[in-house]
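Report on the following structure.
Chains as they are written, first to last, in our numbering: chain A, 2 to 254; chain B, 33 to 159.
This is how it looks when you write it as structure tokens:
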């Protein structure tokens, strides 16, 4: 490791520590993204577990900002509709890492909106069923697909209780350097792993949410914004009965 | 006879992509010397080592990056593309897997299929 890299890393850690100390009110979103942060040089470990708290009360009806930001960040907007495809069919089949879900309580009529994506389970069913080991859980809690060994069987899509995964049906002409994508592989939300590995500490959806409904951070750090918010507000895991210990939690649903 | 030979020579060189019009370069056609690598003495390893082992380097690195999150390593496919992609006359990057370009040039010659770019971007990333 060169000395400049070391400096960058040290500088980043210092900045991150001050930023974390500056957060007093839980729910205040931590937007520390030093552009000079060095790329990760050591393997990720289980000291960190990335997760999110989503406040469904703050999630506004008709707002689509997180989905659009995710599409742009991860190049999903570059995937074109196949020629001659049916528009409605395409909308159901197109790759999406975040889905907007609208719930209606039939008794009271109350409508709840929430973004639904990979819940980054501690015991992910997609990893359980994957025949090649392509679906895996990274040490820091991010559930990902290693597309080098994904054979596109889509068992994981069947196993996922959250319908979080997408399949790429056709060749993709244009792709981003940090998000490779090709025909015949499954993919899903990776918590903007390219940002995290390059020193970033936020996801595209969190940055895009003007209602501040998404708090992202390290669940293992008791001082992180997300841990503080989880401590303060009641929250649930969706399908908690499956005992998957999800990394994405919701409040007010 | 000389005329036929010169036509054949022209055709052969056209096939190899060696024909450069006098002073004009077609849009989308790579300009020699525009890749970062064109200005460097050697790659991340000596040229002979790279020729023989580049696939091993990036195959090893890909697992470290995907599974362990290690980025910015010495060997990386994004690094290959960033350094070896040439630009056309308008300054737009030409894909390294385009016919005759850095990767495709050799891979076509040795008939080794080049699968990297069915998923990976073949032009330098946006920074």
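Every residue gets a Cβ at the ideal spot worked out from N, C-alpha and C, and that includes glycine.
Small disclaimer: the values here were computed from a predicted structure and weren't measured.
- The residue from 194/A, 203/A, 117/A with its alpha-carbon nearest to that of residue 225/A is 203/A.
- Within chain B, 98, 151 have C-beta atoms less than 9 Å from the C-beta of residue 148/A, given in sequence order.
- Non-local C-beta neighbours of residue 105/B in its own chain, meaning closer than 6 Å and more than five positions away in sequence, comprise 93, ordered along the chain.
- In the displayed model, residue 147/A falls within coil according to three-state DSSP, outside both helix and strand.
- For residue 252/A, the closest C-alpha among the options 89/A, 116/A, 98/A is that of 116/A.
- Taking the Cα positions, residue 223/A is about 15 Å away from residue 248/A.
- At the C-beta level, residue 74/A and residue 190/A stay beyond 8 Å of one another.
- Look at residue 85/A: its C-beta is not under 8 Å from any C-beta on chain B.
- Taking 8 Å as the cut-off between beta carbons, the residues of the region 120-146 of chain A near chain B are 137, 139, 140, 141, 145, in sequence order.
- If you draw a straight line from the Cα of residue 177/A to the Cα of residue 76/A, it is about 6 Å long.
- Contacts with chain B at 8 Å (Cβ-Cβ) include residue 199/A.
- Per the DSSP secondary-structure output, residue 113/A pairs in a beta bridge with 104/A.
- Secondary structure within the region 64-105 of chain A: the beta strand (DSSP E) runs of 3 or more consecutive residues, fully enclosed, are 100-105 (chain order).
- A direct Cα-to-Cα measurement between residue 233/A and residue 70/A gives close to 28 Å.
- Membership of residue 250/A in any alpha helix (DSSP H) is not indicated; the residue belongs instead to the beta strand (DSSP E) covering 249-252.
- The alpha-carbon separation between residue 87/B and residue 77/B amounts to approximately 13 Å.
- Around residue 172/A, the same chain offers 184 as residues with beta carbons nearer than 6 Å, after the five sequence neighbours per side are excluded.
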